[in-house]
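Below you'll find the structure, written out as structure tokens, and then a few comments.
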Amino acid sequence: MNASELQQYLDFAYIAAVVLFILSLKFLSSPASAHWGVLAGEIGAALAVTATLFNPEVTQYKWILISLIIGAGIGIPLGMVHMTAVPQRTALSHAFGAMSAAIIGIAEFYVGTAPVTRFEMGEIALEVIIGSLTFTGSLIAAGKLQEILPQRPIVYRGQNIVSLSVLGGALGLAVALVVNPAHAVLFPIMVVVALIFGVLLVTPIGGADMPTVISLLNSYAGFSAALLGFVLNSKVLVVAGALDGSSGFILSVIMCKAMNRSFTNVMFGAFGQVQASAAGTKEERVVRSANPEEAASILSAASKVVIVPGYGMAVAQAQHKVRELYDVLTKKGVDVRFAIHPVAGRMPGHMNVLLAEADIPYDRLIEMDEINGDFPQTDVALIIGANDVTNPAARTDQSSPIFGMPILDVDKAHTVMVIKRSMNPGFAGIDNPLYYLSQTLMLFGDAKQFVGSIVKELGGH
Amino acid sequence: MPADFISNLYVFILAGFVGFELIKRVSPLLHTPLMSLTNALDAIVVVAAIIIAGRHETPLTTLLGAIAVAASFSNMVGGFLITDRMIRMFKSRGSKQS
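These protein sequences, in sequence, are chains A and B. Per the numbering used here, the first sequence runs over residues 1 to 461. Per the numbering used here, the second sequence runs over residues 1 to 98.
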């Protein structure tokens with residue numbers, strides 16, 4: 001077999017991989033066919049990797065094998081984490097992906113066999129900038145999600161000006177390199193400045209905005225891989241990067257709509273921070289509370305119950321107790337469903353994965369738009385660890401920072417029960433008028449313990 | 001503008017549209033597995049890393065290539081593994097009783 005014949009076979013392998021990648025995403029349209037999607041992706045990836053090992057340019061295998069083994073050694077434990085740790089795992093994998101793309105771009109710059117043209121320089125510079133900022137940005141996001149770093153937004157005066165100047169600096173250095181690619185000394189400076197920008201981009205963003213940030217970083221990681229495909233003239237990278245980039249992009253748009261944020265906010269990553277300075281005069285309002293016994297008797301008298309899970313459920317690790325509650329109520333003939341707000345949790349789809357892990361059938365997990373019409377016929381809405389996504393002020397109070405955000409209309413249910421540690425306002429620091437409604441009962445306590453006590457009262461376990 | 005750039009741009013735009021149409025159809029139930037799966041697919045940059053690590057140029061490029069192979073391959077292995085685990089957790093009521 002001569003070299004050009006071999007190259008053709010390699011190209012066919014890559015084309016097959018691309019087809020399998022597209023099928024992989026197609027199978028993901030429903031939970032029933034999703035496992036085929038994973039299989040298609042795995043075969044495609046295996047095919048592409050194996051083909052690459054036969055590439056005539058590859059002459060030494062020692063370091064490839066060692067690093068493949070190291071990669072598997074890191075990847076397997078990261079693939080086995082608990083579902084509660086999935087958001088930080090995802091952020092970390094965005095960091096790894098972006099780092100690889102950036103490093104390959106850097107290596108490509110330093111190979112320097114043929115002198116780089118201005119056009120190629122531009123491609124490499126842009127690719128390396130996006131890869132580098134996504135790398136550090138994702139590391140910061142992972143640190144916040146793992147709670148190594150403070151989850152609260154870290155803000156200071158003139159932040160946007162500083163951040164944008166740093167980005168401008170990186171782009172300026174890129175332009176200087178394009179004008180004269182011989183100024184190689186500028187290249188590492190540009191990389192460092194881009195790395196700094198990634199830190200500045202994500203540091204001011206708080207925990208509740210994480211679903212949007214993770215999606216956005218996903219998109220950046222994808223587009224950096226696609227750009228790398230341009231640099232290396234590799235169509236398989238262009239396709240995989242475009243698929244990943246558009247996926248992250250669509251998810252960011254969905255998350256934005258679910259938080260009533262504008263599209264420009266996403267593009268520039270300038271997340272307006274909600275400052276709860278207008279707390280002002282707080283009149284004492286009465287709240288009614290209930291104990292597990294009372295809550296249990298209300299639930300067992302109901303015929304339709306909707307449970308609204310939020311990040312608090314994940315923090316309290318209450319999902320398995322919630323499953324027991326689901327089981328015991330279902331046995332009593334109560335219709336129990338779960339209302340999932342798109343931004344509940346710390347990443348897109350977070351609640352679904354947690355509840356699925358706890359063995360709750362997925363046809364009981366209902367999206368916001370589908371379930372909102374059913375709340376007026378719902379006997380009990382039980383809110384576990386969710387706050388802002390249930391705040392009726394988003395519909396009515398124009399002065400509220402979350403005004404206009406689509407919410408779950410739990411206040412239309414006959415009875416609302418809220419499991420909450422205390423009356424402290426939620427993450428965004430916004431008071432929730434839901435808690436003062438006449439049909440609302442506050443269930444004060446730890447989510448896991450409280451749900452456990454309700455289950456005990458209902459005669460389960 | 002190089003001819004390669006133009007053909008890559010075609011591919012990029014078409015793949016972007018395909019991605020858009022496919023991802024719109026993914027059930028919101030599966031948005032977390034979607035993100036881990038696209039992450040694993042994106043880890044295909046490992047093929048570029050393998051070439052850099054195996055091309056035997058300077059020690060620096062071999063080192064950079066090796067780091068990129070390890071990082072992207074860990075994404076590939078970990079991404080497929082966790083996506084598979086998550087998807088197995090999604091059961092309908094019918095399959096749960098069996």
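By construction, the Cβ of each residue, glycine as well, lies at the ideal position given by its N, Cα and C atoms.
Leaving aside the five residues that flank A:S303 on each side, the residues in its chain whose CB is nearer than 7 Å to its CB run, in chain order, V334, D335, D379. Cα atoms of A:I371 and A:A339: separation of roughly 7 Å, rounded to the nearest angstrom.
Taking CB atoms only, B:E57 has a neighbour in chain A less than 7 Å away.
Residues of chain B with a Cβ closer than 9 Å to the Cβ of A:F119 are, in chain order, M1, P2, F5. For B:D42, the enclosing alpha helix (DSSP H) stretches over residues 31-42. DSSP, read as helix, strand or coil, puts A:V418 in strand. Of the other Cβ atoms in all chains shown, fewer than 16 fall within 10 Å of the Cβ of A:R157; this residue is therefore exposed. Shown here, A:K321 sits in a helix according to DSSP, grouped into three states. Neighbours of A:L228 in chain B, taken as residues whose beta carbon is under 9 Å from its own, are V45, A48 in chain order.
With fewer than 16 other Cβ atoms inside 10 Å of its own Cβ, B:L14 counts as exposed. Between A:Q449 and A:L232, the alpha-carbon positions lie close to 55 Å from each other. Three or more pairs of CB atoms, one per stretch, sit closer than 8 Å, so the segment 46-59 of chain B contacts the segment 69-76 of chain B.
Here the alpha carbons of A:R288 and B:S36 stand approximately 43 Å from one another. The Cβ atoms of A:K332 and A:G452 lie no closer than 7 Å to each other. For A:L149, there is no enclosing beta strand (DSSP E), since its DSSP letter is neither H nor E. Ranked by Cα distance from A:L6, the first of A:Y435, A:R395, A:F54 is A:F54. Our two residues, B:A70 and A:P292, have alpha carbons roughly 51 Å apart in a direct line. Interface flag for A:W36 against chain B is unset, since no Cβ pair is found closer than 7 Å. Listed along chain B are V45, A48, A49, I52, A68, each with a C-beta nearer than 7 Å to that of A:I104. Taking every protein chain shown into account, the CB of B:H56 has fewer than 16 other CB atoms within 10 angstroms, so this residue is exposed. Using a Cβ-Cβ cut-off of 7 Å, A:Y362 counts as an interface residue toward chain B, since at least one Cβ of chain B sits closer than that to its own. Taking the C-beta atoms as reference points, A:G222 is found nearer than 7 Å to A:G245. Residue nearest to A:K456 within the set A:I148, A:D397, A:I76, A:D327 is A:D327 (criterion: CA-CA distance).
When beta bridges are read from the DSSP output, A:R364 appears opposite no residue. CA-CA distance, A:T440 to A:M405, rounds to 22 Å. Judged by pairs of C-beta atoms under 8 Å, the segment 124-139 of chain A touches the segment 195-215 of chain A, as three or more such pairs exist. Cβ neighbours of A:M423 within its own chain (closer than 8 Å, five residues either side excluded): V287, Y435, M442. A:L354 is positioned such that its CB atom lies no closer than 7 Å to that of A:M80. Closer than 7 Å to the CB of A:F21 there is at least one CB belonging to chain B.
Taking a cut-off of 8 Å on C-beta distances, the segment 304-321 of chain A touches the segment 375-394 of chain A, as three or more cross pairs fall below it.
Contact between the segment 208-218 of chain A and the segment 166-185 of chain A is not established, with fewer than three Cβ pairs separated by less than 8 Å.
Taking 7 Å as the CB threshold, A:A101 lines the interface with chain B. A:V416 and A:I298 have their alpha carbons spaced roughly 10 Å apart.
In the three-state reduction of the DSSP assignment, A:M423 falls in the coil class, being assigned neither a helical nor a strand state.
With contacts defined as CB atoms closer than 7 Å, A:Y9 and A:A48 fail to qualify as a contacting pair.
Classified as exposed, B:M1 has fewer than 16 neighbouring CB atoms from the shown chains inside 10 Å of its CB.
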